[in-house]
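Q: One line per chain: the protein sequences are Y and V, in this order. If you use the UniProt record's numbering, the first sequence corresponds to residues 1 to 344, in order. If you use the UniProt record's numbering, the second sequence corresponds to residues 1 to 344, in order.
Protein chains: 2
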Amino acid sequence: MAPITNGRLLFKEIPVGYPIPGKTTTYDTSQTIDLETEPLNEGSVLVKTLVLSVDPYLRGKMRAPEKESYTPPFFVDEPLYNFGVGKIIRSSHPSFKPGQHVYGVLDFAEYSIPKDSTKLKVLDEVANLPYSVYVGAAGMPGQTAYYGWKEFARAKKGEVAFVSTGAGPVGSLVIQLAKQDGLKVIASAGSDDKVEFCKDIGADVAFNYKTTDTGEVLKREGPVDVYWDNVGGPTLEAAIENSALHGRIIVCGYASQYNNEEPYGIKTMRTVLSNRLSINGMLVFDLQDKYQDEFFKEIPGKLASGEIKYTEDVTRGLEKGGEAIVDVLKGVNRAKKIVVVADE
Amino acid sequence: MAPITNGRLLFKEIPVGYPIPGKTTTYDTSQTIDLETEPLNEGSVLVKTLVLSVDPYLRGKMRAPEKESYTPPFFVDEPLYNFGVGKIIRSSHPSFKPGQHVYGVLDFAEYSIPKDSTKLKVLDEVANLPYSVYVGAAGMPGQTAYYGWKEFARAKKGEVAFVSTGAGPVGSLVIQLAKQDGLKVIASAGSDDKVEFCKDIGADVAFNYKTTDTGEVLKREGPVDVYWDNVGGPTLEAAIENSALHGRIIVCGYASQYNNEEPYGIKTMRTVLSNRLSINGMLVFDLQDKYQDEFFKEIPGKLASGEIKYTEDVTRGLEKGGEAIVDVLKGVNRAKKIVVVADE
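1. If distances are taken between C-alpha atoms only, which option among V/195, V/210 and V/209 comes closest to residue 356 of chain V?
2. Do you know offhand how far residue 143 of chain Y's Cα is from residue 321 of chain Y's?
3. Please identify the residue among V/180, V/151 and V/136 whose C-alpha is closest to the C-alpha of residue 157 of chain V.
4. List the residues of chain Y whose Cβ lies closer than 7 Å to the Cβ of residue 265 of chain V, in chain order.
5. Measuring straight from C-alpha to C-alpha, what distance separates residue 26 of chain Y and residue 151 of chain V?
6. If I follow the unbroken beta strand (DSSP E) through residue 175 of chain V, where does it start and stop?
7. I'd like to know if the region 216-225 of chain V and the region 237-246 of chain V are in contact, where contact means that at least 3 CB-CB pairs between them fall below 8 Å.
8. Compare the C-beta of residue 70 of chain V against all C-beta atoms of chain Y and say whether one is closer than 9 Å.
9. To test your reading of the DSSP string, which unbroken beta strand (DSSP E) runs of 3 or more residues are found completely within the region 92-166 of chain Y?
10. On the criterion of 16 or more Cβ atoms from any shown chain inside 10 Å, does residue 354 of chain Y qualify as buried, or is it exposed?
11. Which chain Y residues are close to residue 279 of chain V, counting only those with a beta carbon under 8 Å from its beta carbon?
12. So who's on the other strand from residue 85 of chain V, going by DSSP bridges?
13. Which first and last residues belong to the beta strand (DSSP E) in which residue 334 of chain V is found?
14. Could you name the residues of chain Y that residue 286 of chain V contacts, counting a contact when the two beta carbons are closer than 9 Å?
15. Which whole-angstrom value is the C-beta distance of residue 51 of chain Y and residue 284 of chain Y, which I expect to be below 8 Å?
16. Name, please, each residue of chain Y whose Cβ falls closer than 7 Å to the Cβ of residue 236 of chain V.
17. Residue 253 of chain Y versus chain V: which residues are under 8 Å apart at the beta carbon?
18. To which residues of the same chain is residue 271 of chain V closer than 8 Å at the C-beta, ignoring the five residues directly before and after it?
19. Just the C-alpha distance for residue 253 of chain V and residue 57 of chain V, rounded to the nearest angstrom, thanks.
20. May I ask which residues mark the beginning and end of the beta strand (DSSP E) holding residue 188 of chain V?
21. When the cut-off is 9 Å and only beta carbons count, does residue 66 of chain Y lie next to chain V?
22. Residues of chain V with CB under 7 Å from residue 123 of chain Y, in chain order?
23. From the beta carbon of residue 283 of chain V, is the nearest beta carbon of chain Y less than 9 Å away?
24. How long is the line joining the alpha carbons of residue 187 of chain V and residue 165 of chain V, rounded to whole angstroms?
25. Can you tell me where the alpha helix (DSSP H) holding residue 216 of chain Y begins and where it ends?
26. Going by alpha carbons, who is nearest to residue 92 of chain Y out of Y/118, Y/105 and Y/312?
27. Ends of the alpha helix (DSSP H) at residue 28 of chain V?
28. According to DSSP, is residue 291 of chain Y part of a helix, a strand, or is it coil?
29. In angstroms with no decimal places, state the Cα-to-Cα distance between residue 24 of chain Y and residue 35 of chain Y.
30. Within the same chain, show all residues whose beta-carbon is closer than 7 Å to that of residue 38 of chain V, passing over the 5 residues directly before and after it, in chain order.
31. Can you say whether residue 154 of chain V is buried or exposed, counting buried as having 16 or more other CB atoms within 10 angstroms of its CB?
32. Strictly under 9 Å for the Cβ-Cβ distance: is residue 262 of chain V near chain Y by that measure?
33. For the alpha helix (DSSP H) that residue 240 of chain V lies in, which residues bound it at each end?
34. With a cut-off of 8 Å on the beta carbons, I'd call residue 146 of chain Y and residue 273 of chain V a contact; round off their distance for me.
35. Thinking just about the alpha-carbon of each residue, which of Y/103, Y/15 and Y/73 is nearest to the one in residue 48 of chain Y?
36. Return the CA-CA distance between residue 44 of chain V and residue 309 of chain V, expressed in angstroms with no decimal places.
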């Protein structure tokens with residue numbers, strides 16, 4: 001078999017503010033690959049990429065390597081990478097067979113050889129779901145919501161939860177977990193469509209934070225026992241101010257601040273003392289060992305049966321990956337953003 | 001026995017910024033009391049005040065009643081109140097006998113009848129300590145340090161602790177508890193004398209935050225696994241910035257902000273996510289049931305034996321109570337501030 005083109009989305013330079021497709025990232029078709037003869041080390045697998053997840057945290061990886069953060073930086077002239085689903089083409093690892101579908105970290109490339117194949121999870125027997133769901137509601141965003149809620153919410157029936165970016169892939173599961181636990185749920189989102197979606201999946205109160213004052217809603221509908229923070233900045237400030245006694249805040253993202261050079265100063269920290277709040281920063285990987293089995297037992301089945309709802313916003317073609325990233329950073333995606341690289 | 005004067009320190013008006021003795025508070029000698037005939041309801045006791053605690057949080061009680069806070073406001077024309085030690089003069093409660101010494105909330109008055117005598121603790125059999133210590137290292141400040149450390153520090157040998165207001169009655173016990181647990185301790189204080197005291201009680205690194213940059217010290221000596229926050233503001237901001245992965249922050253006071261009208265904005269909240277911090281506001285009363293017995297079993301004995309050190313800064317005479325409060329708010333006291341009202 002002759003070598004074929006291996007299209008890749010490369011990281012080219014560190015952006016200031018929003019990334020610029022074609023400048024920050026470029027789609028590169030200069031590499032070729034022979035699927036039959038490409039060398040495979042013992043324990044490695046060659047994967048064809050089907051679906052890639054696109055998440056706001058990727059912006060945090062587009063930074064100078066010397067800046068510390070919770071996630072390693074991308075390297076210039078190398079492909080981006082993120083969670084995705086692929087199909088095994090060839091395998092020199094006993095746990096994987098050609099034709100199997102796997103979930104794990106994959107390059108933004110049509111074909112790749114993951115660095116650590118032991119971290120791939122075979123999907124074919126989990127639940128009857130489209131593979132794309134495994135990068136969304138059944139993937140990292142879903143796991144983030146589930147792990148964080150289980151670990152930090154200490155939810156009690158009748159309490160009030162507030163979820164920012166309620167229509168996003170993390171927030172939408174948090175809303176549904178909070179409803180399952182019997183809480184009143186307030187959700188915020190950045191468009192009227194998203195607000196409607198929050199209501200569809202069970203939020204008791206949902207509002208467009210661009211046209212409605214967050215503090216006023218929380219004052220009227222709160223105080224807030226559990227705040228799921230995906231955005232930081234003024235929303236976090238308002239949630240602290242309108243917290244209930246012994247409230248819990250789960251800090252999971254700071255979408256409002258990803259592209260800000262000068263961070264916003266939170267002026268309501270006194271309330272952390274007066275209401276004896278518990279604020280916990282969370283990263284899904286820290287909690288994986290504790291909750292992953294429980295998650296795969298419970299959530300994919302509920303997604304397949306429709307008991308838990310999800311949505312997707314699909315970009316077709318890896319060459320449009322750069323635009324897909326800008327979409328999630330600007331919040332113009334309508335749901336969990338995925339890039340479909342190939343159909344099978 | 002003829003009626004005698006019952007001197008009282010009254011709250012007169014809500015201050016802007018620092019309270020002003022003679023204006024915010026006045027010493028009043030217009031009330032008289034007949035110790036033998038003053039009526040006592042069933043279950044009440046008449047107490048002679050010996051020692052009163054003076055703490056920064058009293059400023060928070062000098063506010064408009066409609067403003068919410070973690071502690072109820074003082075009422076205008078009524079005496080201030082705080083933890084103190086007194087002697088039972090007369091009792092109509094079976095648990096208390098004349099001559100016994102009790103610890104609890106007492107009015108800033110020479111004599112008073114506490115609203116709820118069941119909350120008083122008889123001291124005569126606890127440990128051989130001067131009664132004044134029961135409002136400091138063996139009282140609310142000591143309990144605050146002990147309860148908060150036990151509940152939230154999750155301290156591990158070899159970790160780094162940072163304690164602000166390290167020479168204060170809370171901070172100085174936190175330093176010693178952290179050393180007992182095998183941590184490296186960094187302490188900050190507001191004068192060179194206080195810095196020396198921090199070192200005397202075991203701090204590995206101590207600095208005057210007025211002349212040394214907190215962030216630089218923490219950068220050099222950290223990162224900080226456990227930060228005990230008594231001050232809020234820029235110190236909290238620097239501690240968050242210089243936190244270790246999975247660091248814990250115990251928010252116990254905001255001394256830098258008590259007299260500020262415009263609160264300081266904390267710009268480092270991103271690090272709560274990147275380092276997955278746990279920030280917990282604490283109030284001693286929340287944890288009293290859980291830790292009080294353990295505290296009284298362990299700490300007064302160690303204070304009596306000298307294994308744990310403490311200091312006091314004594315104001316003699318209730319009429320100087322207003323000045324004592326300003327001292328602790330400005331941080332010019334040299335140690336735990338107490339007012340000795342009477343000797344026995």
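For every residue, glycine included, the Cβ atom is placed at its ideal position computed from N, Cα and C.
A: This is what the structure gives:
1. The question about residue 356 of chain V has no answer here: the residues shown for chain V are numbered 1 through 344.
2. 23 Å
3. V/180
4. 265, 266 and 267
5. 51 Å
6. From DSSP, residue 175 of chain V is part of no beta strand (DSSP E) but of the alpha helix (DSSP H) over 169-180.
7. yes
8. yes
9. 101-107 and 160-163
10. Nothing can be reported for residue 354 of chain Y: it is not among the residues displayed for chain Y, which extend from 1 to 344.
11. 272, 277, 278, 279 and 280
12. V/51 and V/103
13. Per DSSP, residue 334 of chain V belongs to no beta strand (DSSP E) and is neither H nor E.
14. 246 and 276
15. Contact flag wrong, Cβ pair sits at about 18 Å.
16. 269
17. 273
18. 240, 241, 243 and 277
19. 8 Å
20. 184-189
21. no
22. Going along chain V, no residue has its Cβ under 7 Å from residue 123 of chain Y, so there is no contact; the nearest lies around 28 Å.
23. yes
24. 7 Å
25. 214-221
26. Y/118
27. Premise fails: residue 28 of chain V lies in the beta strand (DSSP E), 25-28, not in any alpha helix (DSSP H).
28. helix
29. 29 Å
30. 46
31. exposed
32. yes
33. 233-241
34. Rounded, the Cβ-Cβ distance is 18 Å, inconsistent with contact.
35. Y/103
36. 35 Å
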